[in-house]
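For the sequence shown, my numbering assigns the number 449 to the last residue and increments by one with no breaks.
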Amino acid sequence: MGEAKLGDGNLWLHFTRTDDWLGQTPTVPVLDRGEGCYVWDTTGKRYLDGLSALFCLQVGYGREEMVEAAATQMRQLPFSTNWSYANQPSIDLAHELAARFPGDLDHLFFVNSGSEAVESAVKLAQQYHHLNGQPSRVKVISRNYAYHGTTLGALGVTGLAGLREPFEPLRPVHLYAPNTNAYRPQHDDPAQAIEDLILEAGPENVSLVIAEPVQNAGGCFTPPDDYWPRVREICDRHGVLLACDEVITGFGRLGTWTGSEKYGIVPDILTFAKGVTSAYAPLGGIAFRDHIADALASEKTTMFVHGATWGGHPVSCAVALANLGVFESEDLLANVQANEGWFGDQLRELYARHEIVGDVRGTGYFWALELVKDREHKVMFDDAESESLLRGFLSARMLELGLILRADDRDEPVIQLSPPLIADRAVLGELIDIVDQVLAEAEKRMVSR
Numbered sequence: 001m002g003e004a005k006l007g008d009g010n011l012w013l014h015f016t017r018t019d020d021w022l023g024q025t026p027t028v029p030v031l032d033r034g035e036g037c038y039v040w041d042t043t044g045k046r047y048l049d050g051l052s053a054l055f056c057l058q059v060g061y062g063r064e065e066m067v068e069a070a071a072t073q074m075r076q077l078p079f080s081t082n083w084s085y086a087n088q089p090s091i092d093l094a095h096e097l098a099a100r101f102p103g104d105l106d107h108l109f110f111v112n113s114g115s116e117a118v119e120s121a122v123k124l125a126q127q128y129h130h131l132n133g134q135p136s137r138v139k140v141i142s143r144n145y146a147y148h149g150t151t152l153g154a155l156g157v158t159g160l161a162g163l164r165e166p167f168e169p170l171r172p173v174h175l176y177a178p179n180t181n182a183y184r185p186q187h188d189d190p191a192q193a194i195e196d197l198i199l200e201a202g203p204e205n206v207s208l209v210i211a212e213p214v215q216n217a218g219g220c221f222t223p224p225d226d227y228w229p230r231v232r233e234i235c236d237r238h239g240v241l242l243a244c245d246e247v248i249t250g251f252g253r254l255g256t257w258t259g260s261e262k263y264g265i266v267p268d269i270l271t272f273a274k275g276v277t278s279a280y281a282p283l284g285g286i287a288f289r290d291h292i293a294d295a296l297a298s299e300k301t302t303m304f305v306h307g308a309t310w311g312g313h314p315v316s317c318a319v320a321l322a323n324l325g326v327f328e329s330e331d332l333l334a335n336v337q338a339n340e341g342w343f344g345d346q347l348r349e350l351y352a353r354h355e356i357v358g359d360v361r362g363t364g365y366f367w368a369l370e371l372v373k374d375r376e377h378k379v380m381f382d383d384a385e386s387e388s389l390l391r392g393f394l395s396a397r398m399l400e401l402g403l404i405l406r407a408d409d410r411d412e413p414v415i416q417l418s419p420p421l422i423a424d425r426a427v428l429g430e431l432i433d434i435v436d437q438v439l440a441e442a443e444k445r446m447v448s449r
């Protein structure tokens with residue numbers, strides 16, 4: 001067998017520019033191992049993973065208890081579908097998640113990923129209304145710039161036109177509301193904007209409102225204090241189901257089991273993935289409330305008309321249960337709560353030192369720095385400047401200095417910071433120090449252009 005290597009054209013990467021890994025000198029690190037908050041590539045270079053891989057590696061790398069849980073389950077029962085059968089790890093996991101999720105989100109349906117979870121939520125909402133004699137309720141409201149996944153159904157919910165455009169036409173049922181970006185407001189009352197869309201479409205035609213408690217794409221848009229209670233009341237008043245997409249914000253990312261809990265609401269449907277296993281195995285799902293379960297069980301022959309071969313995979317569920325054990329034994333929620341204020345203060349000090357930082361926003365272990373050309377007037381970088389700053393310098397320089405973060409330009413240029421939940425102040429301080437250095441270098445670079 002010949003030697004396999006990055007750039008030989010066999011492996012195609014996800015959302016990665018082709019030249020970055022098929023060019024003459026590929027720039028994509030090939031990761032080899034991990035421990036705690038750090039990973040090493042095949043050359044032996046160490047990186048602090050300041051993004052938790054992709055907002056998902058809550059308990060850090062190298063957890064033997066997770067490995068043992070997977071191995072034990074594989075020896076006992078490596079696979080059993082949840083399609084007309086059941087397996088004990090999925091039953092146990094459903095019970096444990098119901099105990100941790102808010103309100104009566106007591107009913108769990110497992111899939112394999114966040115995109116599938118969102119797809120499942122959309123289908124569940126539509127079937128719920130159909131069972132209640134309202135088949136015209138098919139429209140779905142999400143928010144501008146929000147990312148909800150890449151399968152065609154979830155892609156329709158995604159509020160990023162650039163990701164949808166190559167695959168249109170999609171289902172003609174999707175509506176997009178202003179998000180909660182307070183730095184560059186799209187609406188003076190984003191909760192009211194959702195009600196306006198419901199009224200414009202006709203409440204009898206609207207199935208679901210779906211949004212993240214803190215929106216990821218665009219850079220950690222936190223909500224106004226009254227936003228979520230008002231959205232909950234609006235949906236209730238118009239008979240529209242409310243889904244919180246917690247693929248990123250769930251499992252401690254905001255310092256609570258769910259972002260819904262942090263903002264004091266109980267959605268009708270909650271989607272999750274990523275942190276449920278700390279990414280040690282693929283797993284996603286939805287939790288839903290009693291009134292939806294009652295509709296699905298209204299007759300002996302009714303069912304949720306949806307399924308996936310690997311949904312509720314016993315190995316993934318066993319890993320998820322071990323993951324919950326680490327959360328409890330090390331009190332990771334308390335770690336995030338104890339450090340989030342200090343972490344935010346350090347980021348605001350970066351704002352004070354660097355004019356290139358226009359805004360600092362976030363909560364828990366989920367933060368973003370928006371970068372600007374002129375802070376006083378909120379002047380944005382143009383496309384060429386953003387390309388030069390993010391692609392031409394920031395991403396590569398952070399890797400050179402041994403830091404994995406996300407420099408994102410899906411709205412305005414932002415640096416996203418989302419470390420593993422095990423990170424202490426020493427790790428967070430190392431992250432801040434590298435970002436401090438890179439911002440100073442970026443400012444000099446942009447001034448010299």
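Built from N, CA and C at the ideal position, the CB exists for glycine as well.
Values in this document were obtained by computation on a predicted structure and should not be read as measured data.
**Item:** Option nearest aspartate 32 by Cα separation, candidates Thr25, Pro26, Trp40
**Value:** From the listed residues Thr25, Pro26, Trp40, the smallest Cα separation to aspartate 32 is found for Trp40.
**Prompt:** Does the count of Cβ pairs from the region 70 to 79 and the region 307 to 326 closer than 8 Å reach three?
**Reply:** Contact holds: three or more Cβ-Cβ distances are below 8 Å.
**Asked** At what residues does the beta strand (DSSP E) containing glutamine 337 begin and finish?
**Response** No beta strand (DSSP E) contains glutamine 337, which is instead part of the alpha helix (DSSP H) from 332 to 353.
**Request:** Give the DSSP bridge partners of alanine 361, in chain order.
**Result:** Residue identity check: residue 361 is arginine in the sequence provided, not alanine. BP columns for arginine 361 point to Ala368.
**Cβ pair count under 8 Å reaching 3, the region 237 to 255 against the region 16 to 28** = In this structure the region 237 to 255 does not lie against the region 16 to 28, because fewer than three pairs of beta carbons, one per stretch, are closer than 8 Å.
**Request:** Pull up the distance between the alpha-carbon of lysine 444 and that of glutamate 233, whole angstroms please.
**Result:** Distance between the alpha carbons of lysine 444 and glutamate 233 is about 49 Å.
**Message:** Here's the rule I'm using: 16 or more other beta-carbon atoms within 10 Å means buried, otherwise exposed. How should leucine 475 be labelled?
**Reply:** For the chain, the structure presents residues 1 to 449; residue 475 sits outside this window and is missing.
**Prompt:** Do the region 117 to 136 and the region 91 to 98 meet, that is, are 3 or more Cβ pairs less than 8 Å apart?
**Reply:** Cβ pair count under 8 Å is below three, so no.
**Prompt:** Does DSSP classify tryptophan 310 as helix, strand or coil?
**Reply:** In this structure, tryptophan 310 counts as coil in the three-state DSSP scheme.
**Message:** Please classify arginine 353 as buried or exposed, where buried requires at least 16 neighbouring CB atoms within 10 angstroms.
**Reply:** Sixteen is the threshold: since fewer than 16 other Cβ atoms of the shown chains lie within 10 Å of the Cβ of arginine 353, the residue is exposed.
**Request:** Answer with buried or exposed for proline 267, where buried requires no fewer than 16 other C-beta atoms within 10 angstroms of its C-beta.
**Result:** By the 16-neighbour rule on beta-carbons within 10 angstroms, proline 267 is buried.
**Bounding residues of the alpha helix (DSSP H) (the contiguous stretch that carries arginine 397)** = Counting along the chain, the unbroken alpha helix (DSSP H) around arginine 397 starts and ends at 395 to 400.
**Request:** Compare the C-alpha of glycine 218 against each of Thr27, Ala182, Tyr61, Asn132 and name the closest.
**Result:** Minimum Cα distance to glycine 218 is reached at Ala182.
**Message:** Quick test of your reading: tyrosine 365 and arginine 253, contact by CB under 8 Å. State the CB separation rounded to the nearest angstrom.
**Reply:** With a Cβ gap of about 6 Å, tyrosine 365 and arginine 253 count as contacting.
**Request:** Please name the residue or residues paired with lysine 139 in a DSSP beta bridge.
**Result:** Looking at the DSSP output, lysine 139 bridges to Val206.
**Request:** Tell whether a beta-carbon distance below 8 Å holds between threonine 271 and valine 118.
**Result:** Closer than 8 Å, so yes.
**Limits of the alpha helix (DSSP H) - the one that tyrosine 128 falls within** = Tyrosine 128: member of the alpha helix (DSSP H) spanning 114 to 131, first to last residue.
**Sequence ranges, alpha helix (DSSP H) only - wholly within the region 234 to 315, length at least 4** = Segments of the alpha helix (DSSP H) lying fully in the region 234 to 315: 259 to 262, 290 to 296.
**Asked** What's the call for tyrosine 85, buried or exposed, on a 16-neighbour Cβ count within 10 Å?
**Response** Exposed, by the Cβ-count rule.
**Message:** Contact defined as beta carbons within less than 8 Å: I believe tryptophan 342 pairs with arginine 425. What is the distance between those atoms, to the nearest angstrom?
**Reply:** Rounded to the nearest angstrom, the Cβ distance from tryptophan 342 to arginine 425 is 6 Å, consistent with a contact under 8 Å.
**Item:** Bounding residues of the alpha helix (DSSP H) (the contiguous stretch that carries glutamate 68)
**Value:** Counting along the chain, glutamate 68 sits inside the alpha helix (DSSP H) bounded by residues 64 to 76.
**Request:** Starting from asparagine 153, follow the beta strand (DSSP E) in both directions and report where the run begins and ends.
**Result:** Note that residue 153 is glycine in the sequence shown here, rather than asparagine. Looking at the DSSP string, glycine 153 is not in any beta strand (DSSP E); the run it does join, the alpha helix (DSSP H), is 152 to 157.
**Message:** Applying the 10 Å Cβ sphere with the 16-neighbour rule, what's the burial state of aspartate 49?
**Reply:** Flag for aspartate 49 reads buried.
**Asked** Of all the CB atoms in chain C, is at least one closer than 8 Å to the CB of tyrosine 365?
**Response** Although the question refers to chain C, the structure presented lacks it and comprises just one protein chain.
**Request:** For isoleucine 404, name the three-state secondary structure that DSSP assigns.
**Result:** Strand at isoleucine 404.
**Span separating the alpha-carbon of cysteine 37 from that of aspartate 196** = Their Cα atoms are separated by approximately 44 Å.
**Prompt:** beta strand (DSSP E) containing arginine 33: first to last residue?
**Reply:** Per DSSP, arginine 33 is one residue of the beta strand (DSSP E) stretching across 31 to 35.
**Item:** Sufficient close CB pairs (3 or more, under 8 Å) joining the region 281 to 292 to the region 156 to 168
**Value:** Three or more Cβ pairs closer than 8 Å define a contact, and the region 281 to 292 falls short of that threshold against the region 156 to 168.
**Item:** Closest residue to glycine 156 among Gly133, Ser115, Pro135, Leu199 (Cα-Cα distance)
**Value:** That would be Ser115, whose Cα lies nearest to the Cα of glycine 156.
**Request:** Within 10 angstroms of the Cβ of alanine 154, are there 16 or more other Cβ atoms? Answer buried if so, exposed if not.
**Result:** By the Cβ neighbour-count rule, alanine 154 is buried, with 16 or more other Cβ atoms within 10 Å of its own.
**Message:** Using the Cβ count rule (16 or more neighbours within 10 Å means buried), how would you classify glycine 62?
**Reply:** By the neighbour-count criterion, in which 16 or more other beta carbons inside 10 Å mark a residue as buried, glycine 62 falls on the exposed side.
**Item:** N-terminal and C-terminal residue of the alpha helix (DSSP H) that histidine 95 is part of
**Value:** Start and end: 88 to 100.
**Item:** alpha helix (DSSP H) segment containing tryptophan 21, residue limits
**Value:** Counting along the chain, the alpha helix (DSSP H) containing tryptophan 21 begins and ends at 18 to 22.
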